[in-house]
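Student: Protein chains in written order, with our numbering: chain G, 1 to 787; chain R, 1001 to 1260. Don't be surprised by glycine CBs; every beta carbon is placed ideally from N, CA and C. If you scroll down you'll find the structure; I have some questions about it.
This is the structure in structure tokens:
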């Protein structure tokens, strides 16, 4: 058993004490002296020409400080996009301007048109109602395929069309894939939709802008997963504020799930307005507002074709996807359907030829960007669904069909440009079969039948790519940012440690897991280590937390910095012990001269570093603080096998999940309890996508599932008790911890398992059903059973 | 929300007097009205809170009639034992916070087409008691969000004749967990009554064809040949008109089977 507090221990999350006792310090808990409030007047039309804005009455109302419109932001930059995709013809994507406040046109319901800064929020709202908007409604562009028709209205008049890009990957394989599909023994085809989702973190977005006239310094408190990214994007590309005059702080953040990665107009507005009105300006997003202003997720329409020989060996895969970008390009939107999606289309299988075509489309809807998994769930879902259908068509057991096509030798270079370092897909499959008790399924199915229910089982595999890297490669792919991570390990005089990490914790448990790593390396108690994060003035330039990267990339930076600490501490210990540096060993917080009983404690060495009376000053600087920037050599590739068992009520179509089993390979694990929690949360969101959640627009661009009255979030009784296992461990070969990342796995692996299970249940009942689009609501399942 | 005044009368008479003001609106448990105010979708100048009126609270049983004060929260209805089907219905409304604040009078005055209580009131032939009169259930519900109540009329109590047997079967709308379809079936002294909520664009209604069939033979098979017209059903994101019509039949059958 690992020591409590070290690597491998299920140490309880120390941050939970403050979260569970209501003592978290969230952005909305922060109030500045003299703070004013902003209310955004948002478009109620999906697409409208702004003919005029009359604020004259509103400006005279009580408490109104100033009203801003798009005209006020003509001189500053638009909200920037952080990734440029090159299309299959070698051209850059179409990249429209995204103004801070709508200018000329409003392009989606929720697009902010005016911002009213007032003494109180209610006064700002009162004033908003007194603003006269002269809007001319234009036809809304909603359906992606219609948006690409020649005669479609355009979301952005200055662009050639509503096509952002037409991306082919790998373009050189296109003809060979076409040929292989034409000549194959059997081709299984599936058309499906990956439903649009709204992340709905528990804490809505909040921003407070502040400006200090005496120092010219701006401060932005914001609910971000990556404050340095916000500082860079907003400072350099929107407002022209140099970094030393701009501090971005993200204190406790109540969940992100991707939607808090991006730089939003409201952040830039509060920063800009604080200087303009010389008051701190606070914005707290209401839940209703979040539905029409937080970036949405997914929303792909796909046709996938899998070609096989007569034995079921995969020969070629071709996909054709329309990806909804919404009205503007959110920060990382272009990368999601391309580099985070196309590169994963090999899945766990040795399909030799793959071609992925993606058309990204502008519509009059909220921008779409990364949501837990980001591109990888979309890849995994279509692949695992088409394999399930192929197994049925070929008369091969779905597990066996997968096994016979598994990649078994590593490293493995896929035909979609990535190299898997390690994995053992048969091991996770075996483990899943064991923990899911597949052997007992028929008995359970018979019991369900006795109760008038249809039981089905769905299995699937997944692979994901975490810790997107290395920076020089992603730069070639269009990223406008580096994807390293930073850490400063500051050892204090009496031996306690503050770690400044560029990663950001918004539920992941970094404050517990990161100290476990350092405590393990130094042999000291984890309580001696604290994590500092989320403040650009405190931590070195870091890239933040998303894509399951924190431990694999941020943790690795921390390890590198700690290694530097150990090297220097050994030099100090060698001096104190009058021994050679090469003979010094560090164990259990003691520096010992190898083979002797001469030792000095960790605290004595750290004190010597800061009170350098007996110290080799001529050879060594005092102090004990080191920084490392870690840029990974490759992605990490977690993988796993999942099984879902459902019951379908044939009378109502209602699906209940009876069992859910997940066997994951995350490489080495620091805190198994936190990993369990991450997998549980991911599966919960995956079940939400599969059964409940859907952001639905009508033809006029109104979001008809725009509140919890119609947008169904998963609740405790919608999900079963999960059986999760992560004992299959093939450590990552290229990071110092051998870790892979676990944050998104559950959300990637679970939707296909659920849908496969429901289709299986219906098939077993004699229904000729091959697919139902998510979410599998009772109404949809019942409808499918009627046809 | 907009600014408003609040009055907290301690008697029905005071409340009625306060509601004479044209700009005043009665506030029950606030489970619908408060969110509406927060969204600025209503702008009353004055709210008259009914929750401090002792004579409108509490539950009593006398001679086979269960009387529930109009300001009684769902949690108390759920706890009574004299009318188990009604207790089960109340215990499954919303969540604990809603059940602690929401009141039977508020729910019935609002008459949301997906609310649970209207089906029990109509399904038992209960009587709505107001400050001025008594209204039979069959006369009270007049379409979604519409009732026989006059402007300054307050539901002071509801009198349920306790049926010989009853069951409420609710199929949840997945997001709101209001009734996508809810069916209340009761064997009353005057025969079987079947009331349906959630399904119809006209709000709660009695399925009279089913009642006739069940009065002849109280078995779920008695519904076999009955079909409910989907024309007036609600069709939305959560289910088509046809799906709701189908669910009416399924939930009715389940209620019959639950009664046994």
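Against chain R, with Cβ distances strictly below 9 Å, would residue 125 of chain G count as a contact?
Tutor: For the purposes of this step, residue 125 of chain G is taken as residue 125 along the first chain, with counting starting at 1. Yes, because at least one Cβ of chain R sits closer than 9 Å to the Cβ of residue 125 of chain G.
Student: Please list the residues of the segment 508-521 of chain G that have a C-beta atom closer than 9 Å to any C-beta atom in chain R, keeping them in chain order.
Tutor: Taking 9 Å as the Cβ-Cβ cut-off against chain R, none of the residues of the segment 508-521 of chain G qualify.
Student: Which term fits residue 1254 of chain R, buried or exposed, when burial requires 16 or more other beta carbons within 10 angstroms of its beta carbon?
Tutor: Taking the first residue of the second chain as 1, we reach residue 1254 of chain R at position 254. Looking at its Cβ environment, which holds 16 or more other Cβ atoms inside 10 Å, residue 1254 of chain R is buried.
Student: List the residues of chain G whose Cβ lies closer than 7 Å to the Cβ of residue 1174 of chain R, in chain order.
Tutor: Counting from 1 along the second chain, the entry for residue 1174 of chain R is found at position 174. Going along chain G in sequence order, the residues near residue 1174 of chain R (Cβ under 7 Å) are 692, 712, 777.
Student: Does DSSP put residue 270 of chain G in a helix, a strand or coil?
Tutor: As a first step, residue 270 of chain G must be located in the first chain, where it is residue number 270. Here residue 270 of chain G sits in helix by DSSP.
Student: Is DSSP giving residue 1257 of chain R helix, strand or coil here?
Tutor: Taking the second chain and counting its residues from 1, the one referred to as residue 1257 of chain R is at position 257. Helix at residue 1257 of chain R.
Student: Which residue from G:610, G:490, G:251, G:494 puts its Cα closest to that of residue 559 of chain G?
Tutor: Walking along the first chain from the start, residue 559 of chain G turns up at place 559. The candidate whose alpha carbon is nearest that of residue 559 of chain G is G:490.
Student: Is residue 1016 of chain R helix, strand or coil when you go by DSSP?
Tutor: Position 16 of the second chain, counted from the first residue, corresponds to residue 1016 of chain R. Helix at residue 1016 of chain R.
Student: Using a Cβ cut-off of 8 Å, pull out every chain G residue sitting near residue 1238 of chain R, in sequence order please.
Tutor: Here residue 1238 of chain R corresponds to residue number 238 of the second chain, with the count starting at 1. Within chain G, the residues near residue 1238 of chain R are 710, 777, 779.
Student: Can you name the residues that DSSP bridges to residue 488 of chain G?
Tutor: Indexing the first chain from 1 puts residue 488 of chain G at position 488. The partner list for residue 488 of chain G (beta bridge, DSSP) reads G:500, G:627.
Student: What residues from the segment 138-151 of chain G come within 7 Å of chain A, judged by C-beta to C-beta, listed N to C?
Tutor: This model lacks chain A altogether, as its protein chains are G and R.
Student: Mind listing the chain R neighbours of residue 704 of chain G? Cutoff is C-beta to C-beta under 7 Å, in chain order.
Tutor: Locating residue 704 of chain G in the first chain gives position 704, where the first residue counts as 1. Ordered by position in chain R, the residues that pass the 7 Å Cβ test against residue 704 of chain G are 1237.
Student: Whole-angstrom Cβ separation of residue 238 of chain G and residue 79 of chain G, contact assumed at under 8 Å?
Tutor: In the first chain, residue 238 of chain G corresponds to position 238, counting from 1. In the first chain, residue 79 of chain G corresponds to position 79, counting from 1. Indeed, because the Cβ distance is near 7 Å, the residues count as touching under 8 Å.
Student: May I ask you to list, following chain order, the residues of the segment 1028-1051 of chain R that have a beta carbon less than 8 Å from some beta carbon of chain G?
Tutor: Result list: 1039, 1040.
Student: Does chain G have any CB closer than 9 Å to the CB of residue 1078 of chain R?
Tutor: Translated into the one-based positions of the second chain, residue 1078 of chain R becomes position 78. Closer than 9 Å: no.
Student: Return helix, strand or coil for residue 339 of chain G, following the three-state DSSP convention.
Tutor: Position 339 of the first chain, counted from the first residue, corresponds to residue 339 of chain G. Coil, per DSSP.
Student: Name, please, each residue of chain R whose Cβ falls closer than 8 Å to the Cβ of residue 867 of chain G.
Tutor: Because chain G is modelled from 1 through 787, residue 867 of chain G falls outside the range shown and cannot be assessed.
Student: Residue 1110 of chain R and residue 1141 of chain R: beta carbons closer than 9 Å?
Tutor: Position 110 of the second chain holds residue 1110 of chain R. Position 141 of the second chain holds residue 1141 of chain R. Cβ distance not < 9 Å, so residue 1110 of chain R and residue 1141 of chain R don't count as in contact.
Student: Could you give the uninterrupted runs of the beta strand (DSSP E) lying entirely in the segment 648-702 of chain G, keeping only those of 3 residues or more?
Tutor: Counting only runs of 3 or more, we get 655-665.
Student: Is residue 611 of chain G buried or exposed, if buried means 16 or more other CB atoms sit within 10 Å of its CB?
Tutor: Within the first chain, the letter at position 611 stands for residue 611 of chain G. With fewer than 16 other Cβ atoms within 10 Å, it is exposed.
Student: Which residues, in order along the segment 1123-1144 of chain R, keep a beta-carbon less than 9 Å from a beta-carbon of chain G?
Tutor: Hits within the stretch: zero.
Student: On the CB-based measure, 16 or more other CB atoms within 10 Å of its CB, does residue 34 of chain G come out buried or exposed?
Tutor: To locate residue 34 of chain G, count along the first chain from 1; it is residue 34. With fewer than 16 other Cβ atoms within 10 Å, it is exposed.
Student: Taking its Cβ as the centre, do 16 or more other Cβ atoms sit within 10 Å of residue 287 of chain G, making it buried, or is it exposed?
Tutor: In the first chain, the residue the question calls residue 287 of chain G occupies position 287. It counts as exposed.
Student: Tell me whether residue 546 of chain G is buried or exposed, calling it buried when 16 or more other Cβ atoms sit within 10 Å of its Cβ.
Tutor: Mapped onto the first chain, residue 546 of chain G falls at position 546. When all chains shown are included, residue 546 of chain G counts as buried.
Student: CB-CB under 6 Å to residue 673 of chain G, same chain, minus the five flanking residues each way: which ones, in chain order?
Tutor: The residue given as residue 673 of chain G occupies position 673 in the first chain. Closer than 6 Å at Cβ, skipping near neighbours: 10.
Student: Nearest chain G C-beta to residue 1171 of chain R closer than 9 Å, yes or no?
Tutor: Position 171 of the second chain, counting from 1, holds the residue named residue 1171 of chain R. So yes, residue 1171 of chain R belongs to the interface.
Student: Got a sec: is the Cβ-Cβ distance from residue 2 of chain G to anything in chain R below 9 Å?
Tutor: Locating residue 2 of chain G in the first chain gives position 2, where the first residue counts as 1. Low confidence applies here, because residue 2 of chain G scores a pLDDT of 49, under 50, leaving its location unreliable; read the following figure in that light. It does not: the Cβ of residue 2 of chain G has no partner Cβ on chain R nearer than 9 Å.
Student: Mapping the DSSP letters down to three states, classify residue 538 of chain G as helix, strand or coil.
Tutor: By one-based count along the first chain, residue 538 of chain G stands at place 538. Three-state result, residue 538 of chain G: coil.
Student: Would you tell me roughly how many angstroms separate the C-alpha atoms of residue 1184 of chain R and residue 697 of chain G, rounded to the nearest one?
Tutor: In the second chain, counting from the first residue as 1, residue 1184 of chain R sits at position 184. In the first chain, counting from the first residue as 1, residue 697 of chain G sits at position 697. Near 34 Å, if we compare the C-alpha coordinates of residue 697 of chain G and residue 1184 of chain R.
Student: Can you tell me the Cα-Cα spacing of residue 758 of chain G and residue 451 of chain G, whole angstroms?
Tutor: Working through the first chain from its first residue, we reach residue 758 of chain G at position 758. Working through the first chain from its first residue, we reach residue 451 of chain G at position 451. If I take the Cα positions, the gap works out to 17 Å.
Student: Is the segment 652-661 of chain G touching the segment 726-741 of chain G in the sense that three or more CB pairs, one from each, lie closer than 8 Å?
Tutor: Short answer: they don't touch.
Student: Taking C-beta pairs closer than 8 Å, name the residues in chain R that residue 404 of chain G reaches, listed in chain order.
Tutor: The sequence position of residue 404 of chain G within the first chain is 404, counting from 1. Going along chain R, no residue has its Cβ under 8 Å from residue 404 of chain G, so there is no contact; the nearest lies around 38 Å.
Student: Measuring straight from C-alpha to C-alpha, what distance separates residue 249 of chain G and residue 537 of chain G?
Tutor: On the first chain, position 249 is the one that residue 249 of chain G refers to. On the first chain, position 537 is the one that residue 537 of chain G refers to. Going from the Cα of residue 249 of chain G to the Cα of residue 537 of chain G covers about 8 Å.
Student: For the ligand MN, is there any heavy atom lying closer than 8 Å to the beta carbon of residue 1072 of chain R?
Tutor: Among the ligands in the structure shown, none appear at all, so the ligand MN cannot be discussed.
Student: Relative to chain R, which residues along the segment 271-304 of chain G have a C-beta separation below 8 Å, given in chain order?
Tutor: Hits within the stretch, in order: 288.
Student: Quick check on DSSP: helix, strand or coil for residue 176 of chain G?
Tutor: Walking along the first chain from the start, residue 176 of chain G turns up at place 176. The answer is helix: DSSP assigns residue 176 of chain G an H, G or I state.
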